[in-house]
Amino acid sequence: MCERKDENCAYCMEGSLLAEFGIKICELKTAKVYLFKEQSHKGRVIVAHKKHVGDMTELTEEERSAYFTDIARVSKALQEVFRPQKVNYGAYGDTGHHLHFHLVPKYREEYEWGNVFAMNPGKTYCSQEEYDILVNQIRDALMKDEQ
Numbered sequence: 582m583c584e585r586k587d588e589n590c591a592y593c594m595e596g597s598l599l600a601e602f603g604i605k606i607c608e609l610k611t612a613k614v615y616l617f618k619e620q621s622h623k624g625r626v627i628v629a630h631k632k633h634v635g636d637m638t639e640l641t642e643e644e645r646s647a648y649f650t651d652i653a654r655v656s657k658a659l660q661e662v663f664r665p666q667k668v669n670y671g672a673y674g675d676t677g678h679h680l681h682f683h684l685v686p687k688y689r690e691e692y693e694w695g696n697v698f699a700m701n702p703g704k705t706y707c708s709q710e711e712y713d714i715l716v717n718q719i720r721d722a723l724m725k726d727e728q
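Just so you know, my numbering puts 608 at position 27 of the sequence shown, and the rest follows in order with no gaps.
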């Protein structure tokens with residue numbers, strides 16, 4: 582599906598650029614799902630479209646609909662696994678011109694409840710074992726939903 586790739590794009594190349602901030606969880610029909618390494622909001626992920634496009638308007642209506650179906654599927658998995666009070670959705674692209682959404686579980690007891698989440702607060706990083714547990718929990722919930 583990723584006909585065109587940008588060699589400077591973390592989501593297209595999935596190398597060291599991506600490893601700085603994310604861990605791949607899985608691929609869905611239209612998207613790749615990554616755990617955001619900074620886990621101030623437990624379960625925060627990125628859902629990046631498989632195509633290198635900078636805006637949702639560059640997708641056909643069918644592609645856009647399928648992508649939002651994948652985003653909803655990831656949100657459902659996060660809600661099931663982490664039981665947040667709310668999932669926030671952020672779509673940026675000022676510096677990274679690849680369509681992606683941040684799905685950020687929000688919890689009332691957190692420092693940002695009622696406010697926009699910080700892009701990278703740099704407060705909470707996990708051990709490799711903790712990352713593996715989070716990745717497996719999310720992947721298992723997504724795969725269960727597929728059956």
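Using N, Cα and C, we set each Cβ at its ideal position, and we do this for glycine too.
Considering only the beta carbon of each residue, do D587 and H683 sit closer than 9 Å?
Walking along the sequence shown from the start, residue 587 turns up at place 6. Walking along the sequence shown from the start, residue 683 turns up at place 102. With respect to the 9 Å criterion, D587 and H683 are not classified as neighbours on the basis of their beta carbons.
Could you have a look at N669 and say whether DSSP puts it in helix, strand or coil?
Here residue 669 corresponds to residue number 88 of the sequence shown, with the count starting at 1. Strand.
Excluding the five sequence neighbours on either side, which residues of its own chain have a C-beta within less than 8 Å of the C-beta of G674, listed in chain order?
For the purposes of this step, residue 674 is identified with residue 93 of the sequence shown, where counting begins at 1. Counting only Cβ-Cβ distances below 8 Å, and skipping sequence neighbours, we find G635, D636, L680, H681.
Tell me where the beta strand (DSSP E) around C607 begins and ends.
Here residue 607 refers to the residue found at position 26 when the sequence shown is read from its first residue. Residue range 603-608 is occupied by the beta strand (DSSP E) that includes C607.
Cβ shell of E619 (< 6 Å), same chain only, five flanking positions each side left out:
Position 38 of the sequence shown holds residue 619. Closer than 6 Å at Cβ, skipping near neighbours: N701.
Do G671 and F698 have their CB atoms nearer than 9 Å?
For the purposes of this step, residue 671 is taken as residue 90 along the sequence shown, with counting starting at 1. For the purposes of this step, residue 698 is taken as residue 117 along the sequence shown, with counting starting at 1. Yes; because the gap between Cβ atoms is below 9 Å, this pair is in contact.
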